[in-house]
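>
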Amino acid sequence: MKKFTQLNLPAKFLSNLESLNYNTMTKIQEESLPISLEGKDLIAQAKTGSGKTVAFSIPIVKKLNVRKFAIQSLVLAPTRELANQIAQEIRKVSRHIHNVKVLTLCGGVPYKPQVASLKHGAHIVVATPGRILQHIFETKVDLSDLEMLVLDEADKMLDMGFYEDITKVIENIPKNRQTMLFSATYEKDIEQLASEITKESTFIQDESVHEKQTINQIVYEASETEKDLLIPSLISSQEAKSVLIFCNTKIKCEELADILYKNDVDVLTLHSDLDQRERDETIIMFSNKSYPVLIATDVASRGLDIDDIDLVINYDLAKDVKTHIHRIGRTARAGKKGLALSFYDEESRYKLEMIEDKFDDLVYGKKEEIEVCNYEIDCDFRTLFINSGKKFKLRAGDILGALTAGLGLPKDAIGKIDILEFVSYVAIKKEYIEQAYEGLCRNKIKGKYIKCFIK
Ligand code: ADP
Ligand code: MG
Numbered sequence: 013m014k015k016f017t018q019l020n021l022p023a024k025f026l027s028n029l030e031s032l033n034y035n036t037m038t039k040i041q042e043e044s045l046p047i048s049l050e051g052k053d054l055i056a057q058a059k060t061g062s063g064k065t066v067a068f069s070i071p072i073v074k075k076l077n078v079r080k081f082a083i084q085s086l087v088l089a090p091t092r093e094l095a096n097q098i099a100q101e102i103r104k105v106s107r108h109i110h111n112v113k114v115l116t117l118c119g120g121v122p123y124k125p126q127v128a129s130l131k132h133g134a135h136i137v138v139a140t141p142g143r144i145l146q147h148i149f150e151t152k153v154d155l156s157d158l159e160m161l162v163l164d165e166a167d168k169m170l171d172m173g174f175y176e177d178i179t180k181v182i183e184n185i186p187k188n189r190q191t192m193l194f195s196a197t198y199e200k201d202i203e204q205l206a207s208e209i210t211k212e213s214t215f216i217q218d219e220s221v222h223e224k225q226t227i228n229q230i231v232y233e234a235s236e237t238e239k240d241l242l243i244p245s246l247i248s249s250q251e252a253k254s255v256l257i258f259c260n261t262k263i264k265c266e267e268l269a270d271i272l273y274k275n276d277v278d279v280l281t282l283h284s285d286l287d288q289r290e291r292d293e294t295i296i297m298f299s300n301k302s303y304p305v306l307i308a309t310d311v312a313s314r315g316l317d318i319d320d321i322d323l324v325i326n327y328d329l330a331k332d333v334k335t336h337i338h339r340i341g342r343t344a345r346a347g348k349k350g351l352a353l354s355f356y357d358e359e360s361r362y363k364l365e366m367i368e369d370k371f372d373d374l375v376y377g378k379k380e381e382i383e384v385c386n387y388e389i390d391c392d393f394r395t396l397f398i399n400s401g402k403k404f405k406l407r408a409g410d411i412l413g414a415l416t417a418g419l420g421l422p423k424d425a426i427g428k429i430d431i432l433e434f435v436s437y438v439a440i441k442k443e444y445i446e447q448a449y450e451g452l453c454r455n456k457i458k459g460k461y462i463k464c465f466i467k
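Residue numbering for the sequence shown follows the working numbering, starting at 13 and increasing by one per position.
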C-alpha cells in the first residue's frame, strides 16, 4: 500500500492530508491519482466506500488557482445530499489554501439565493445536473474557464434519468478540459456516456474490495412479528454502535421506530414524508453520532454517505440485487469489515435466491441462536442546534473556539460540526451538553448573541 507522501504534491498539501488522517491510499486512489494528477482523463469503477471522493478531490484542489476568480472545476452528482458531502470533502482537502470558494447548486433548494451566491463567484461548483443546467440557461453562469469536469456516481445519475441533462451541460462547457467519471458499476450505458465525454481516458477498476471479502452477510427466515422481536436482540447481540435499517415502506419505518422506542432505543427515520430540512437534520444527527439507529427507505437514502455504520439490517429484502448491494455497501467503508443481516420469508425467497447467486458466502443464521445480551445501544453525543450559519459567516472554528477556549470544554467533548446556510449543528459529548448549551446561550460568538437549543 502506498502513501500519499509518495505523490508529487506540495508539502502543505501533504500535511493537510495527514491532519485529516489520510495516510495510506486506498486502491482506487493509488491507481487513479498518478493519472489524474497528470491532467489525464479517467474512468474509474469502484464500489461504495473505496475512497472515490478523495480520489477526485485531490486533483481538483491541485489544479486550483485560488487567485483566479473563476469556476475552474465542476462536479456533477445525483443528489443534493451527495453534492453536499462532496463539497465538504473538497473543503477539507483544500484547507491548506485560503479563501477557496466551493459552491453547491442543487435542486430541492431555493433558486434565487443560488443566483446571488454565483454573483459572488466560486472556484469549484458541485451540482446536480438539472439545477446546473437551469443556471447555465437562465443565470448564464460563466463556465468558460472550466478546466475539470467530474461525474460522481455516474451510474446513479443515469438511473435517475439525467443522461440528457448531462450531455446538455457538456455542450456548454469548454472541450479542452480534463474529465473524470466515477461509478460503482460499469454497464453499457455508462460505457457509452464515458466514450462521449472523455478523451484518451484510462479505465481503472477496483475489484479487490469486493463485497464478499469485506461484508459478512447473515440471513434469517422470519415472519413480520418475529422480525419486530428479533431486531432489538440482533442489535444487542452484535453490540452495534451505529445501525442502519432498511424497510421498503415509510409506514413500516415508522412502525418499527415505535417498536424500538418502546425498547428504549433512540431512532431516527428517513423517508419521503420528510421535507428537505428534516432530511438534512436527520442525516446530520445520525452521522454525528447523536442517534444510534436510522431506519430508512431506499429512495430517501439515495446518495447518503455515512461512515462507521457497523451493522446494516434489511428488514425487508431490497427490490433487486443492485439495491441490496448498495444498501449493504454502507457498512465496511474504507476497508473496515462490516456486517449485514437480512430477513426473508416465503414471499421474498425469490429475491434471496437472486442475492445468493451473487454472494457465495451467504450464511443462513438460526433465530434461536441469537444471544440475548445486556448490551444497550446508545450514543456518546447529543446535538446542539444553533440558529446561525454560513450566511452569517459562522465557521466551525468559531464554534470550536467558543466551546473550548471560551467555556473550557475539552477538545474531545466536541464532535462533528455541520454548518449549513442558516443554521448549524454541533455534536457534544452527553456529559457536557448542558454546560455547552448554557454557555453558548450566555456568550457571544463573533460579537453576536446566538440562539441555540438541545435537539
Ligand atoms: P466512495 O465515494 O468510494 O463511496 P468515499 O470517498 O465516500 O467513498 O470514502 C469513504 C470514507 O473513506 C470517507 O469517510 C473518507 O473520508 C474515507 N477515506 C477515503 N480515503 C481514505 C484514505 N486514504 N484513508 C483513510 N480514510 C479514507
Ligand atoms: Mg462516493
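Even glycine gets a Cβ: it sits at the ideal position worked out from N, Cα and C.
Sorry if obvious, but does the Cβ on M37 come closer than 7 Å to a heavy atom of the ligand ADP?
Numbered from 1 along the sequence shown, position 25 holds the residue referred to as residue 37. Correct: M37 has its Cβ closer than 7 Å to the ligand ADP.
> Would you say T65 touches the ligand MG, meaning its beta carbon is less than 7 Å from a heavy atom?
On the sequence shown, residue 65 is found 53 positions in, with the first residue counted as 1. Yes, the Cβ of T65 comes within 7 Å of a heavy atom of the ligand MG.
> Do A67 and I98 have their C-beta atoms within less than 8 Å of each other?
For this step, residue 67 is matched to residue 55 along the sequence shown. For this step, residue 98 is matched to residue 86 along the sequence shown. Cβ distance not < 8 Å, so A67 and I98 don't count as in contact.
> Going by Cα to Cα distance, which pick from H132, G120, D154, T38 is closest to G142?
As a working mapping, residue 142 is identified with position 130 in the sequence shown. Selected option, being the one with the closest Cα: G120.
> How long is the line joining the alpha carbons of R394 and Y327, rounded to whole angstroms?
Indexing the sequence shown from 1 puts residue 394 at position 382. Indexing the sequence shown from 1 puts residue 327 at position 315. Taking the straight line joining both Cα atoms gives about 27 Å.
> Is any heavy atom of the ligand ADP found at a distance shorter than 7 Å from the C-beta of G350?
Locating residue 350 in the sequence shown gives position 338, counting from the first residue. Result no, Cβ not under 7 Å from the ligand ADP.
> Count the other CB atoms within 10 Å of the CB of I411; is the residue buried (16 or more) or exposed (fewer)?
By one-based count along the sequence shown, residue 411 stands at place 399. Buried, by the Cβ-count rule.
> Taking only heavy atoms of the ligand ADP into account, decide whether any of them is closer than 7 Å to the Cβ of S62.
Mapped onto the sequence shown, residue 62 falls at position 50. Checking every heavy atom of the ligand ADP against the Cβ of S62, one is found closer than 7 Å.
> Going along the chain, which unbroken runs of the alpha helix (DSSP H) with 4 or more residues stay wholly within the segment 394-419?
Here the runs fully enclosed are 408-413.
> Put N96 into one of helix, strand or coil per three-state DSSP.
Reading the sequence shown from its first residue, position 84 is the one you call residue 96. N96: helix per DSSP, three-state reduction.
> The beta strand (DSSP E) spanning L163 covers which residue range?
Position 151 of the sequence shown holds residue 163. 160-163 is the extent of the beta strand (DSSP E) around L163.
> Decide yes or no for the touch test of the segment 128-136 against the segment 77-84: beta carbon pairs closer than 8 Å, at least 3 of them.
With the cut-off at 8 Å, the segment 128-136 and the segment 77-84 touch.
> Considering Cα atoms alone, identify which of V279, D164, G459, I337 is closest to Q229.
In the sequence shown, counting from the first residue as 1, residue 229 sits at position 217. Minimum Cα distance to Q229 is reached at I337.
> What's the call for V153, buried or exposed, on a 16-neighbour Cβ count within 10 Å?
For the purposes of this step, residue 153 is taken as the residue at position 141 of the sequence shown. By the neighbour-count rule (16 or more Cβ atoms within 10 Å), V153 is buried.
> Is A166 a contact residue of the ligand ADP, with contact defined as CB to any heavy atom under 7 Å?
Start at 1 with the first residue of the sequence shown, and residue 166 comes out as number 154. False, no ligand heavy atom lies under 7 Å from that Cβ.
> Let me check understanding here. Comparing Cα to Cα, which of E203, Q250, A56 lies closest to D164?
Residue numbering aside, residue 164 sits at position 152 when the sequence shown is read from its first letter. Selected option, being the one with the closest Cα: A56.
> If you run the structure through DSSP and keep just helix, strand and coil, what is H222?
If you number the sequence shown from 1, residue 222 lands on position 210. Its pLDDT being 45, under 50, H222 is placed unreliably in this model, and the value from its coordinates should be taken loosely. Note: H222 maps to coil in three-state DSSP.
> Do you know whose CA, among T343, A312, E450, K460, lies nearest H283's CA?
To locate residue 283, count along the sequence shown from 1; it is residue 271. It is A312.
> For the segment 129-192, which segments carrying the beta strand (DSSP E) assignment without a break, of at least 3 residues, lie completely within its bounds, in sequence order?
As far as the segment 129-192 is concerned, its whole beta strand (DSSP E) runs of at least 3 residues are 136-139, 160-163.
> To test your reading of the DSSP string, which unbroken beta strand (DSSP E) runs of 3 or more residues are found completely within the segment 22-55?
Complete beta strand (DSSP E) runs here, min 3: none at all.
> Out of D285, I247, L246, which one is the CA nearest neighbour of V263?
The residue you call residue 263 lines up with position 251 of the sequence shown. A small fix is needed here, since residue 263 is Ile in this sequence, not Val. Nearest option by C-alpha distance: D285.
> Could you check where the alpha helix (DSSP H) with Q204 kicks off and where it finishes?
Working through the sequence shown from its first residue, we reach residue 204 at position 192. Q204 -> alpha helix (DSSP H) spans 200-209.
> Mapping the DSSP letters down to three states, classify S12 as helix, strand or coil.
A query on residue 12 cannot be resolved here, the shown segment of the chain reaching from 13 to 467 and no further.
> Would you check whether the ligand ADP has a heavy atom nearer than 7 Å to the C-beta of A58?
For the purposes of this step, residue 58 is identified with residue 46 of the sequence shown, where counting begins at 1. Yes, since a heavy atom of the ligand ADP falls inside the 7 Å radius drawn around the Cβ of A58.
> Relative to the alpha-carbon of G61, which residue among R339, L452, D357 has its alpha-carbon at the smallest distance?
Position 49 of the sequence shown, counted from the first residue, corresponds to residue 61. Among R339, L452, D357, the Cα nearest to that of G61 is on R339.
> Give a single yes or no on whether Y34 has its beta carbon closer than 7 Å to a heavy atom of the ligand ADP.
Translated into positions along the sequence shown, residue 34 becomes position 22. The answer is yes for Y34.
> Please work out which residues of its chain come closer than 8 Å, Cβ to Cβ, to K52, disregarding the five sequence neighbours upstream and downstream, and give them in chain order.
Here the question's residue 52 lines up with position 40 in the sequence shown. Excluding positions up to five away in sequence, the list reads Q190, E212, S213, T214.
> Curious, which full-length alpha helix (DSSP H) runs of at least 4 residues does the segment 72-116 contain?
You should have 92-105.
> Could you please give the first and the last residue of the uninterrupted alpha helix (DSSP H) stretch that includes K363?
The residue labelled residue 363 in the question sits at position 351 within the sequence shown. Where K363 is concerned, the enclosing alpha helix (DSSP H) stretches over 361-370.
> Exposed or buried, what is F16 when buried is set at 16 or more other beta-carbons lying within 10 Å of its beta-carbon?
In the sequence shown, counting from the first residue as 1, residue 16 sits at position 4. F16 should be labelled buried.
> Which residues mark the beginning and the end of the beta strand (DSSP E) in which I440 is found?
Taking the sequence shown and counting its residues from 1, the one referred to as residue 440 is at position 428. Its beta strand (DSSP E) spans residues 436-441.
> Any idea what DSSP makes of A252, helix, strand or coil?
Position 240 of the sequence shown, counted from the start, is the residue given in the question as residue 252. Three-state result, A252: coil.
> With a threshold of 8 Å on Cβ separation, who are the neighbours of L130 within its own chain once the five nearest residues in sequence on each side are excluded?
Residue 130 sits at position 118 when you count from the first residue of the sequence shown. If we look at L130 and ignore the five residues flanking it on each side, its Cβ neighbours are L115, L117, H147, T151, V153.
> If you measure between the beta carbons of A425 and Y444, is that distance less than 8 Å?
The sequence position of residue 425 within the sequence shown is 413, counting from 1. The sequence position of residue 444 within the sequence shown is 432, counting from 1. The answer is yes: Cβ separation under 8 Å.
> Going along the chain, which residues of its own chain have a beta-carbon closer than 6 Å to the beta-carbon of V73, five neighbours each way excluded?
Counted from its first residue, the sequence shown places residue 73 at position 61. Result list for V73: V105, S106, in chain order.
> Using CA coordinates, which residue listed in A166, K239, A196, P244 is at the minimum distance from S207?
In the sequence shown, counting from the first residue as 1, residue 207 sits at position 195. Of the candidates A166, K239, A196, P244, the one whose C-alpha sits nearest the C-alpha of S207 is A166.
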